[in-house]
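Mapping of the sequence shown onto this note's numbering: position 138 corresponds to residue 191, and the numbering continues sequentially without gaps. C-beta: ideal position from N, C-alpha, C; glycine also. See below for the structure under consideration.
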Amino acid sequence: MSKAAPKIGFVSLGCPKAASDSERILTQLRAEGYSISGSYDEADLVVVNTCGFIDSAVEESLDAIGEALAENGKVIVTGCLGAKGDVVRTTHPSVLAVTGPHALEEVMEAVHTHSPKPHDPYTDLVPPQGIRLTPQHYAYLKISEGCNHRCSFCIIPSLRGDLVSRPIGEVMQEAENLVNSGVRELLVISQDTSAYGVDVKYRTGFWGGRPVKTRMTELASALSDLDVWVRLHYVYPYPHVDEVIPLMADGKVLPYLDVPFQHASPRILKAMKRPASGENNLARISAWREICPDITLRSTFIVGFPGETESDFEQLLEFMQEAQLDRVGCFTYSAVDGASANALPDQVPEEVKQERLARFMELQAKISADKLQQKIGQTMQVLVDAVDEENAVGRSAADAPEIDGVVYLEGGAGLVPGDLVEVEIVDADEHDLWAGPAD
Ligand code: SF4
């Protein structure tokens, strides 16, 4: 009888936070001696890590579970949709087990039950940086799980619980392992990066024998010692965020801040129950730009939130005009099962939402195009992501992977992913840049 290690198939859907959960499960599977199978046929069972945030993600997740059941038959479901257990079980009663997000132990228990673990775990086969789903040269660094806020359109706290910060020593060790394995860019993620450490009262931990506080500024500063690109995501505009801007001005962390403002009308922000909604964000933005003129500001917005009047929406457009943000995503409000905003009065009709989205995007496309035009003629560093026979494509400090634009590099054939090159920008559209070698 063959003693080959059991093979586990893995399907990973959803946001970077879900990908980070997937990496942990994959790492644990390999640590225990399981093999990871690239095909349904060869797998002994399949784990599907799902997303349940909006309706289309729910559908995609249910389809993925259905496909895995049809192709393999033995399926364990985890992730955000798993937290809505009855949805999965009602649609696919034959799944073996269902867990919520961030449930490494429960997933492993289910795997052990249905495909017992090999007798001789090859723990030494697991590299210290774990198994990652992102390309070799960039990695997501998850610093906490859960969220203490209760935004009225969001169900993440009910799926993932209150904020739990990872110990700073553990986060730094993971970051160091990643850098030692060739990572050139660390993307710091969480639900609320600016709140890092609040739950442990900013406890002092240790990294490399020195004390470091569990706090965003101290984390950013420690990460800058690793000499790679450090990018901060999901930062709310609390006053203490001002402390990281000088680190950006000094070139220690990337001059890039992902701040999900969501709206600009104080009335709507209040109805959304957004964190830091009382801050004067325009004043804050102009103070940040004074300290670090090169800063790239990314944000997301929701239009058509219940109760949003034409005048609220116009306030948002005025804010956009004034703020001149570099990168912006915008969504129409859509009800999420279980969110308290569903019960708010004055829901906005769908055609009004769509009309506001179009007006918003028209304004922002122009702002974005103008800002990118201003980059023509500048020289900048680009991190190479992919190379084909003739050209390469990479990203500047202003571009986070997958959500922002890219820089197309003409004649970049000799480059390899992970190279940092100096280029001169020669062209731009409203999203991307084109560059040639710098003189
Ligand atoms: S800050 Fe608000 S939107 Fe973000 S995870 Fe927390 S509750 Fe949800």
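- With a threshold of 16 other beta carbon atoms within 10 Å, V437 meets it and is buried.
- Straight-line spacing of the CA atoms in G447 and I420 works out to 22 angstroms.
- I209 has its Cβ nearer than 7 angstroms to a heavy atom of the ligand SF4.
- By the criterion of a C-beta distance shorter than 6 angstroms, F413 is surrounded in its chain by V356 and C383, once the five residues flanking it on both sides are discounted.
- Taking the Cβ atoms as the reference, A123 lies roughly 18 angstroms from N102, outside the contact range of under 8 angstroms.
- By the CB criterion at 8 angstroms, A453 and D311 fall inside the cutoff.
- One alpha carbon belongs to F358, the other to D390, and they sit about 15 angstroms apart.
- A contact between stretches requires three or more CB pairs, one per stretch, nearer than 8 angstroms, and the stretch 159-169 fails this requirement with the stretch 200-220.
- Contiguous beta strand (DSSP E) elements confined to the stretch 251-324 occur at 257-260, 263-266, 282-285 and 309-311, taking only those with 3 or more residues.
- With a cut-off of 7 angstroms, the C-beta of R203 is classified as near the ligand SF4, since at least one heavy atom of the ligand falls inside that distance.
- Here DSSP, grouped into helix, strand and coil, assigns L410 to helix.
- Scanning its chain for C-beta atoms nearer than 6 angstroms, with the 5 sequence neighbours on each side dropped, one finds around A445 the residues V437, L462, G465 and L468, in chain order.
- Counting C-beta pairs with one atom in each stretch, the stretch 320-327 and the stretch 272-285 have fewer than three that are closer than 8 angstroms, which means they do not touch.
- Annotated three-state conformation of C68 is coil, per DSSP.
- Q434 has its alpha-carbon roughly 9 angstroms from the corresponding atom of E477.
- C-alpha of L231 to C-alpha of L300: approximately 22 angstroms in a straight line.
- When the Cα atoms are used, S197 and R203 turn out to be separated by approximately 17 angstroms.
- Each residue's CA atom was taken as its position, placing L279 and Q427 some 31 angstroms apart.
- Annotation: G199 to Y249 spans about 11 angstroms, alpha carbon to alpha carbon.
- For C104, the CB stays at least 7 angstroms from every heavy atom of the ligand SF4.
- In the assembly as shown, H286 is a buried residue. Its beta-carbon has 16 or more other beta-carbons within 10 Å.
- Look at P290: its beta carbon is at least 7 angstroms from all of the heavy atoms in the ligand SF4.
- Uninterrupted beta strand (DSSP E) stretches at least 3 residues long and entirely within the stretch 82-118 occur at 88-90 and 98-103, given in chain order.
- I344 places its beta carbon less than 8 angstroms from that of I298.
- Taking the Cα positions, G119 is about 30 angstroms away from S243.
- The straight-line gap separating the alpha-carbon atoms of V99 and R284 is approximately 33 angstroms.
- Rounded to whole angstroms, E227 and A150 show a C-alpha spacing of 30 angstroms.
- Counting every other CB atom within 10 Å of its CB across the protein chains shown gives P290 a total of 16 or more, marking it as buried.
- Here A376 has L335 and I338 as same chain residues with Cβ atoms under 7 angstroms from its own Cβ, once five neighbours each way along the sequence are excluded.
- No residue range can be given for P59, since it is assigned to no beta strand (DSSP E) and is classified by DSSP as neither H nor E.
- At the C-beta level, L157 and S114 stay beyond 8 angstroms of one another.
- In this structure, the ligand SF4 has a non-hydrogen atom nearer than 7 angstroms to the beta-carbon of C200.
- At the C-beta level, D245 and P169 stay beyond 8 angstroms of one another.
- In the DSSP annotation of this structure, the continuous segment of the alpha helix (DSSP H) that includes S339 starts and ends at N334 to I344.
- G153 and F372 have their C-alpha atoms roughly 38 angstroms apart.
- In the structure shown, L416 adopts helical secondary structure according to DSSP, grouped into three states.
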